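Numbering (the numbering used here), first residue to last: 1 to 199.
Quick notes on the structure that follows.
Following this line, the structure appears as C-alpha cells:
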C-alpha cells in the first residue's frame with residue numbers, strides 16, 4: 001500500500017531491477033490495529049514499529065509497481081519475515097506490488113528488508129510506549145537522528161492519519177545506506193502528533 005505522500009507511480013511498464021533507491025516504510029502497529037481484527041498483528045503480542053514494505057523508487061519521482069507475475073513467497077521466507085512483518089497477507093502483497101520490481105528472488109529481496117530494518121535503531125521513547133505521547137515532527141525526526149548516526153530529517157518522512165502517527169519512511173540507497181529522500185517522499189503530519197500506545 002502506497003500513500004498519497006509519494007509521487008505518482010510510473011505509467012509505463014517497469015523493468016525489474018531498474019530503479020535508483022528504496023523507501024523503507026515502517027507502520028506504527030498500534031494505530032494500524034485500531035478497529036481491525038487481525039490476530040497475527042493485532043493479537044495479544046502487540047507490536048510497535050513493523051515493516052510495511054521496502055519500495056523501489058526512481059530518482060526523478062515515481063516508482064515501479066507489479067513488474068512481473070509473482071511467484072509465491074517460499075514458506076521459510078515467510079516464517080523469517082513474520083517477526084518484523086507480522087502478516088502473511090502483507091508479505092505476499094508487498095512481494096507482488098514492490099518486490100517483483102527488485103529484480104531478484106523473494107529470498108534475496110526479503111533478506112534486504114530484514115537487513116534494512118535491523119540496521120535501524122528505534123528511539124527508546126518510541127519502542128513500546130505504554131501511554132499516549134504528543135510529539136512534533138521535528139521531535140520525532142530528532143529522536144531517530146540521535147539513535148541513528150547519519151539519519152537526518154531530509155532522509156526520512158513522518159506520516160499521519162489526521163494527527164495520529166501511522167508511519168516512518170526512511171530513504172535508502174540500493175546498498176541500504178541512509179539517503180536524501182526523493183521528490184514526493186515528505187512529512188504529512190500537521191502540528192503535534194499523537195503516538196498511540198502499545199497495549
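All C-beta atoms, glycine included, are put in the ideal place defined by N, C-alpha and C.
If you're wondering where the values come from, they're calculated on a predicted model, not measured in any experiment.
Straight-line measurement puts the Cα of residue 102 at about 20 angstroms from the Cα of residue 82.
With a cutoff of 7 angstroms on beta-carbon distance, residue 70 and residue 100 are scored as near each other. Judged by their CB atoms, residue 121 and residue 145 are not nearer to each other than the 7 angstroms cut-off. In this structure, 138 is the residue among 138, 174, 95 with its C-alpha nearest to the C-alpha of residue 153. Going by DSSP, residue 76 is part of no beta strand (DSSP E) but of the alpha helix (DSSP H) stretching over 75-81. A distance below 7 angstroms separates the beta carbons of residue 164 and residue 31. For residue 56, the enclosing beta strand (DSSP E) has its first and last residue at 49-57.
DSSP places residue 24 in the strand class (E or B) of the three-state scheme. Cβ-Cβ distances below 8 angstroms link residue 181 to 23, 154, 155, 156, 157, 169, 171 in the same chain, with the five nearest sequence neighbours on each side left out; the list follows chain order. Counting C-beta pairs with one atom in each stretch, the stretch 124-139 and the stretch 63-77 have fewer than three that are closer than 8 angstroms, which means they do not touch. Distance from the Cα of residue 55 is smallest, within the candidate group 96, 161, 40, 34, for 96. Taking a C-beta distance under 7 angstroms as the contact criterion, residue 52 and residue 27 qualify as a contact pair.
Taking 3 residues as the minimum length, the beta strand (DSSP E) runs contained wholly in the stretch 151-199 are 156-161, 164-173, 193-195, in order along the chain.
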